[in-house]
Every structure is written in structure tokens, then in C-alpha cells.
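Chemist: The structure's right below; bear with me while I get my questions together.
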């Protein structure tokens, strides 16, 4: 075996101990909140059959699926003469049957359909697992990243929308993020908008265009729609509606007035009012919630509320999103199951929290006490104390080698260990231990019970 | 989109809420122990470059690697004329650069080499992640399964061996598994054995054969070795040594006497004695530890102690293994780094614990209280109490729809929720809540503080 300089695939990352401590802080905050709200854990395989995955994420999504080469002699059943003329896209289905999951939503829908006779509706599940996309890597965009999803299926109660909003508040409170906005819109309001500008048959073009309003501005949105064949009249009405979106944002009542002629639009407004009323029962403060008529999230399967969470005044804004869907499982043969889902993006939350330096320092301490020894006579005493500390629930370790004290203290420093116990012959004789506080540098001789209480008191 | 009956790839599994609760009990027991012993978390990407993975697991292992098809038009750079004549094994390197990790050991070695300037030695890391093998699926063997590894690199102190042994004891205590054996051997003792039968150049054949002793018996081991060209003299000495392995097992002292002429063998015996002495300092009871001269685990990279853990009197025995290695990182250009690693197999532990019915029932309760409501007037009261319970750290949920009480109670039963709170108009008037204990069926009207204390007392 020749020696090589190893590397990892582009768009993927190693997470060392320091990053893991921070990531686990985020994971635990989300997991604890989901559990507090009655969601149960689910995990699905990393690989799915390609017929489950393809056709669910649009043409662009299909191209971003990581496909797994069939095992064994995968060419053996292929006509060799065809191979010289084939193209990648024709060969792929012949040599690959499985792909890595692209998100957690489609595997969840697949699970619900396969296990429909075992699960109790309404089914509340959370799922925290990595997903893979063969996207061009760039800052904040990775080829392997985690999603943290919570979904409730089997009910169309708007209590679920309010619970999702409450969950977002609780997660952000736990993370210490204060300045954020939950943008909310409703698919039926968007459809109503399409109706009143006589563009019901071109909803998709309309939603894709106005979704960009924040980024490209109203004029460019309108000219994009013009180029797609929207009439001058339609655009004039649309301009009038969207123009109202000032600093304060468009109010639901203003939109309601404009949508009075659309039954669909009115139903959407009614839902929105009910969601806001319920949110008011859940929360004392609704100032984070913002109605955003332009929010569409480009996902065609949303049929009700559409949600997006942004952290304000940071580079990477959007850290999560979701919405209500009425027919997620229909494609797998189980129609008419309404549900709502939300997903936090851990990798983006990590970047945001790093930028705002919100990670608590106590998270980085994992080992509390390092035991040291100087010779074989003190080693057994050190090991006995070590095991006693561990039995008391204190994370502790012993430096395994007989090396100079300086090296052992250096190890404790680098590993953020707050206490070092020194056991020399004198300590051994007097049944006392040298306890060194690594942040103050102070060392004192203490008996075992004093040692335990000092270490336990340190948070 | 046509509707299809969905399935999952063979050898993979969905883990629903009930299984997840049990799996998390195992994961948490292992993770907490690793943390208690000063190991820090690490996660590496699911995909590795194929040049990192191949050549590390033997020819058979290479064939079990899941390979990922290159993205985009992967055939575009391949000479089409060659394609009609190529075979799978020649095509694969042209269309696949990445594979899914096969274990956690090689990615860990790769990590250590890539980050050698950032990590502090001795480096203690744990890693709990899935691995993938394109093996033929069968009972207890999956294509996606979890490993839980702990490794210490950068020290050859035998304290590490004792710590691994102590960790195994602590994990099994937490899991409630009492009847298990930690088999231990030493690579140098095996090498000494090869030396005294003049077969130093055929160590591998020897180790592979005697590793099967338990399964196929001494006669078949000897005839396998005979067919591989081991001399009659060698086999006669070997038979004499292995024959001593009676019910009580072979003692280290007996082997020591036989290995007196081999320097390597003597060094192995010395290590073993020291490991046992240290284990005696860590543990009160060494009865789980068994010296097993035939244990080789087929892994050529072990250079010191070799460990295997078996649960006794169950179908699937081996639930973990590990050992010391002196040159794991050498293949990536960093020679001479000694370390020791151990890995628990969660999927096998799960099967063992299921067979022994060791999962504690309290693990299956996730939501403690279900709130119900009968109309819109009681809904707000229910939501307020719901949020108060959650703020007190109690997992609680509300049934989102206005349905018959029977259906709500059924939901609570199926989800193992121990308490249901009923809020009717009368309760509303008297500021009391109907608290139903789901296991006794008893319901009583209580005020809020009584409700909280009853729920909190329930473990």
C-alpha cells in the first residue's frame, strides 16, 4: 500500500470535537423542543430506491440526486453494443437502482404509506438526519447537510400551524437568537391573487416571480412576468397590490379587501386570521410573525400556510421553512392525507450562531477532571479516585502516560478541562489530593469530600 | 406522476418511534459512558474518496463498498469505443470517485492524519454513525447499520486497554446485560505461537484457521492447516497447545510456559499480565474477562491486545470488538502512532436486548400528558395549560381536532401517554381540570398545582 495524502469529497466536512459540541447544542435544543411538543422520533434509510426519489423534486432536483452504483458485475446484463452509443442519462437507470435521500419529506411520506396500518393518526414525527445533494458547493451550501424536520399528518386543524409557530419561538429562545422573523403566507391567498389578475392557469410562473421580489425588486418581477406573457391589465393590478408592501409590510386586511371576489382567496384570509388568533393563545408576543404576500418558497406541494424563518441582520438569513400540504402521500397511493411540516437547517443555524457568538461556553467543557500520576505507587490511587468520580456522574479521565506535569497541564488546557488532580507521595500519605483550578491556576490540598463538592459545584 | 407501491432497498430498515426509543436507550448508554470516560465526539462525512477506502479492508471488503456514480454527464470523458469492451471492474473507477464509508476506523485514521496539527495527543474520540456494506442481507446482517467506536491514539499505555475493559462493563451495567464475556488475546502471543511451530511466515493462514476453533473444532482446524502446507511437526505442537483449552479455558500461565522460547510471545504475555493487573485496579470483579488464545478477529492491523465481547446464552453472540494497532495512520503518511479502538454494534445489541426483554418500559413514554377540549370556549384554556406544562419541562400535547373523547383516549393509549386532561364547561367554571390516569382509568377533578405535582411524580 502506497502512502497518500488523504482528502475528503468537496462539499463535505469533518466535525471535530469543538464543532460537535456546538452542533449538539443546536441538535439538542431542537430535539428537546420537538419532544416537549409530543413529536416522536423516526429514522429512515440513507438510501431509497430511485423510483421513490425521482420525479418529486422537479427536473433540477432529479439531477442533484446522488446515485449509487449497483453492486457486483452491474454491466453483465447490459447489451455491450449499445454501450458505445449510450449517454449518461440513458445508462444511469441501467446501472443504478438506489440513491441517497434528497430531503426528509419524501422518505417520511413513503414511510407513512408503507406503515399506514401501524401508525396512529394524527401522526407527529420528528426526524434529524443528513441529506445529500450534488449541488455546486459554496459558502453555506454543502453536499451533505442535516435537516431537522417535524411533521403532523392526518389532521387539518390549524392548531398545528400555531404549534409550529410556537416551536420556532421555543427553539430560538433555547438557542439565544432574539432578532428573527417568521414570514407566513397562504397558498390560497396566492391562488386568490392569481385569480383576481386572471392568471389562474399560470400560478407557477406568478409565484416563482413574486418570490423574488425581495431580491430583485418590483420592476424586475413585473418585466419577468411580462416576458412570460402576462397581460398589461394583470400586471397593473398586481403592481397595485404589491406596491402596498412598504416598510411595515402588507396587512392581511388590505389583502383581504382585494381578494373579496375570490372564494379561494377569502378562504386563505380566513385561515390566516384563525392562525394568528391561535398563535395569540400560544404566545404572549406576536411581533416576530410577519405576513408576507410574496412568500412562495417555490414548492408546488404546499396547499395551505407557507412558513419561512429568517434571522435578521446576519449574512445567511433563511434557517428554516415549511408549510401545509394536502396530498404529500398521494403519489405513493394514499390520497387525501393533510399535514404540515417544518424543517430547521442546522448548518445554517450553526453559521448564524457563530456569527452572533451565541454558543454558550459551558457547552465546550466535556471532561471536568483530569487525574495525573507520577509513578506506579500513586497510579492505583489515581485510578480508584477516577472511577469514584465517574460513578458520581462526573466526566473524568486519567493521563495515560508517565510524562512531565507540564505536558499533562497542557493537555488539560487544550481540552478545556477545568480541574486537574495531582497525587504525589505526600498527598498519598495524608489522604489528600492536590486540586488545581485551571482557570485561576490555584492549587490546594483537599480531602476527597471537599474535592467532590468543589468539582460538583462547578457548572 | 403515477402512483406506485413504495418499498425500501433490501438490507435497510425504517425505525419507527417504538424502535427509536429502544435504539436511543442503547445509543445514550454508550454515548454517556464514552463521555464519562473523557472521549470527545467526532463525525466524518458519509462519503469518502474511493482512494481513501479501497485497499483497507481486503479484496472482499473492496467489493462490499457502495460506490457513488459521478454527477453530471459522467460518460462524457470516456472513449465510447472502449465502452463496448469494458467490464464493470474497469468501468467503475472511470465513473465513480466516491464511496460510502465501510467502517469508522479508516475515516478516523484519515481524520487524524488530516488534522494532526490541530488535535492534542493522546486523542480520545468517539464516533456514532452508520456504515454501509453491500453484503448479502440476512438475519442480523444489514446493509446500513450503526457502529459506536471509541479510540485513543497517541499513546501505548496499557491503561487504555484497562479503560476499554471498564467501559464495556459500564455500558453493559447501564443496559442491564449481566451474562457476558469479554474475550481477550494478544497479537504477540499469537505471533509467538506461530514462532514456536516454525510458521512465522504463515501467520495469517494460522490465525484465520484457529479463529474458527469454536465453530468447527480442533480437528477441522488442523486439517485446514495441513491442506495449507503446515508440517506434521508444527501441527503436533499446535495440537498440544490448543488441546489444553478445556471448559475452564487456557490460562495465561500455561501459554507463557510454552512461549518461553519466543521473545515476541513473552512480550505478549507480559502485556497481558499487566492489562489484567490494571483491570483489577479498575474493577472489583474480573469474572467477565476470559483469555482466549484462539481469538484473532481476522484483522491484520491489530498489533497488541485483541478484544471481543459476547453475550452468553443468546442467538447473536458477538456485540463488539476491538484492539490495539500500531500503524493505523501509516497508510495515510503518518507512521508510528499507536492506538486502541473498540466498537459496539448497536443493531446486534438491540436484537440481544429484545431477546432478553431488557428494554425498560419507562423508555417508551415520550409524551406525558394529552390535553383534550370539547369546544372553542375550552380550547383556549387547554392551550394555556398545555404551554404551562411544557414550560415546566413536561412533554405534553393537545389533540388537534374536535373529535369524540373515545378517539382521543384511544390516541393516548396507542401513544403510551399516561395522563389525559379533560376540560369541560364545569371544570372551566370551577378552575379545576379532569385528570385521567390511563393505566388505572381513574379520573379526578384537581386544581392546577395538584395536577402538576401528580404528573411530575410519575416517572
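Residue numbers (the numbering used here), protein chains in the order written: chain P, 4 to 462; chain Z, 4 to 462.
No residue lacks a Cβ here, since even glycine has one placed at the ideal position from N, Cα and C.
From a predicted model like this one, the values you see are computed outputs, not experimental measurements.
Just to confirm my understanding: we take residue 163/Z, look at its own chain, exclude 5 residues before and 5 after, and list those with CB closer than 6 Å. What are they?
Modeler: Same-chain partners within the cutoff: 155, 343.
Chemist: Note down, in chain order, all residues in the stretch 417-428 of chain P with a beta-carbon under 9 Å from any beta-carbon belonging to chain Z.
Modeler: The stretch 417-428 of chain P vs chain Z, Cβ under 9 Å: 417, 418, 420.
Chemist: Closer than 8 Å by beta-carbon distance: list the chain P residues that pair up with residue 113/Z, in chain order.
Modeler: Ordered by position in chain P, the residues that pass the 8 Å Cβ test against residue 113/Z are 9, 11.
Chemist: What three-state label does DSSP hand residue 243/Z in the structure shown?
Modeler: Residue state, collapsed to three classes: helix.
Chemist: Distance, Cα to Cα, residue 319/Z vs residue 255/Z?
Modeler: Each residue's alpha carbon lies about 27 Å from the other.
Chemist: Could you check where the alpha helix (DSSP H) with residue 96/P kicks off and where it finishes?
Modeler: Taken as a continuous stretch (DSSP letters only), the alpha helix (DSSP H) holding residue 96/P covers 91-98.
Chemist: Tell me, please, whether the CB atom of residue 241/P is closer than 8 Å to any CB atom in chain Z?
Modeler: For residue 241/P, the answer is no, since every Cβ of chain Z falls outside 8 Å of its Cβ.
Chemist: Measuring alpha carbon to alpha carbon, tell me which of 294/P, 388/P, 358/P ends up nearest residue 436/P.
Modeler: Checked all of 294/P, 388/P, 358/P; the closest Cα to residue 436/P is 388/P.
Chemist: Could you tell me whether any Cβ in chain P is nearer than 8 Å to the Cβ of residue 398/Z?
Modeler: Residue 398/Z counts as touching chain P.
Chemist: Quick one: which unbroken beta strand (DSSP E) runs of 3-plus residues sit fully inside the stretch 247-307 of chain Z? Chain order, please.
Modeler: The qualifying runs are 292-294.
Chemist: Beta strand (DSSP E) containing residue 149/P: first to last residue?
Modeler: From DSSP, the beta strand (DSSP E) with residue 149/P extends over 147-156.
Chemist: Can you tell me whether DSSP reads residue 212/Z as helix, strand or coil?
Modeler: Residue 212/Z falls in the helix class under three-state DSSP.
Chemist: Going by DSSP, name the residue or residues bridged to residue 326/P.
Modeler: According to DSSP, which records beta bridges pairwise, residue 326/P is partnered with 309/P, 344/P.
Chemist: Just the C-alpha distance for residue 132/Z and residue 359/Z, rounded to the nearest angstrom, thanks.
Modeler: Residue 132/Z and residue 359/Z: Cα-Cα distance of roughly 25 Å.
Chemist: Can a CB atom of chain P be found closer than 8 Å to the CB of residue 4/Z?
Modeler: Residue confidence for residue 4/Z is low, a pLDDT of 45 falling below 50, so the modelled location carries little weight and cannot support an answer.
Chemist: Tell me which residues of the stretch 266-299 of chain P have at least one Cβ-Cβ distance to chain Z shorter than 8 Å, keeping chain order.
Modeler: Within the stretch 266-299 of chain P, the residues whose Cβ lies closer than 8 Å to some Cβ of chain Z are 281, 284, 285, listed in chain order.
Chemist: Does residue 330/P have its Cβ less than 8 Å from a Cβ in chain Z?
Modeler: No - not a single Cβ of chain Z is within 8 Å of the one on residue 330/P.
Chemist: For residue 345/Z and residue 95/Z, what's the separation of their Cα atoms in angstroms?
Modeler: Roughly 33 Å separates the two Cα atoms.
Chemist: Look at the alpha carbon of residue 125/Z and the alpha carbon of residue 158/Z, and state the distance between them as a whole number of angstroms.
Modeler: If you take the alpha carbons of residue 125/Z and residue 158/Z, they lie about 6 Å apart.
Chemist: Verify whether the separation of the beta carbon atoms of residue 315/P and residue 12/Z is less than 8 Å.
Modeler: Cβ distance not < 8 Å, so residue 315/P and residue 12/Z don't count as in contact.
Chemist: Please work out which residues of its chain come closer than 6 Å, Cβ to Cβ, to residue 65/Z, disregarding the five sequence neighbours upstream and downstream, and give them in chain order.
Modeler: Within the same chain, residue 65/Z has close Cβ partners 57.
Chemist: What is the rounded straight-line gap between the Cα of residue 275/Z and the Cα of residue 189/Z?
Modeler: So the two alpha carbons sit approximately 7 Å from each other.
Chemist: Using CA atoms only, rank isn't needed, just tell me which of 201/Z, 210/Z, 174/Z, 263/Z is closest to residue 235/Z.
Modeler: Ranking the options by Cα distance to residue 235/Z, first place goes to 201/Z.
Chemist: For residue 294/P, does the count of other Cβ atoms within 10 angstroms reach 16, so buried, or fall short, so exposed?
Modeler: Residue 294/P is buried by the Cβ-count criterion.
Chemist: At which residues does the alpha helix (DSSP H) containing residue 379/Z begin and terminate?
Modeler: Start and end: 379-394.
Chemist: Given that a residue counts as buried once 16 or more other Cβ atoms are within 10 Å of its Cβ, and exposed if not, what is residue 326/P?
Modeler: Residue 326/P should be labelled buried.
Chemist: My guess is that residue 415/Z and residue 441/Z are in contact by the Cβ rule of under 8 Å, so how many angstroms apart are they, rounded?
Modeler: About 6 Å separates the two Cβ atoms, so the contact holds.
Chemist: Check this for me: beta carbons of residue 106/Z and residue 150/Z, under 8 Å apart or not?
Modeler: Contact: yes.
Chemist: Quick one: what does DSSP say residue 113/P is sitting in, helix, strand or coil?
Modeler: In this structure, residue 113/P counts as helix in the three-state DSSP scheme.
Chemist: Taking Cβ positions only, does residue 441/Z come closer than 8 Å to chain P?
Modeler: Closer than 8 Å: no.
Chemist: May I ask you to report which of helix, strand or coil DSSP gives residue 441/P?
Modeler: In this structure, residue 441/P counts as coil in the three-state DSSP scheme.
Chemist: Using a Cβ cut-off of 8 Å (strictly closer), state whether residue 206/P contacts chain Z.
Modeler: By this cut-off, residue 206/P is not an interface position.
Chemist: Classify residue 26/Z as helix, strand or coil using the three-state DSSP reduction.
Modeler: If DSSP states are grouped into helix, strand and coil, residue 26/Z belongs with the helices.
Chemist: Interface residues of chain Z around residue 163/P at Cβ under 9 Å?
Modeler: In chain order: 403.
Chemist: Alpha carbon to alpha carbon, how far is residue 262/P from residue 33/P?
Modeler: In a straight line, the C-alpha of residue 262/P is about 37 Å away from that of residue 33/P.
Chemist: Is there a Cβ from chain Z that is less than 8 Å from the Cβ of residue 363/P?
Modeler: It does not; no Cβ of chain Z falls within 8 Å.
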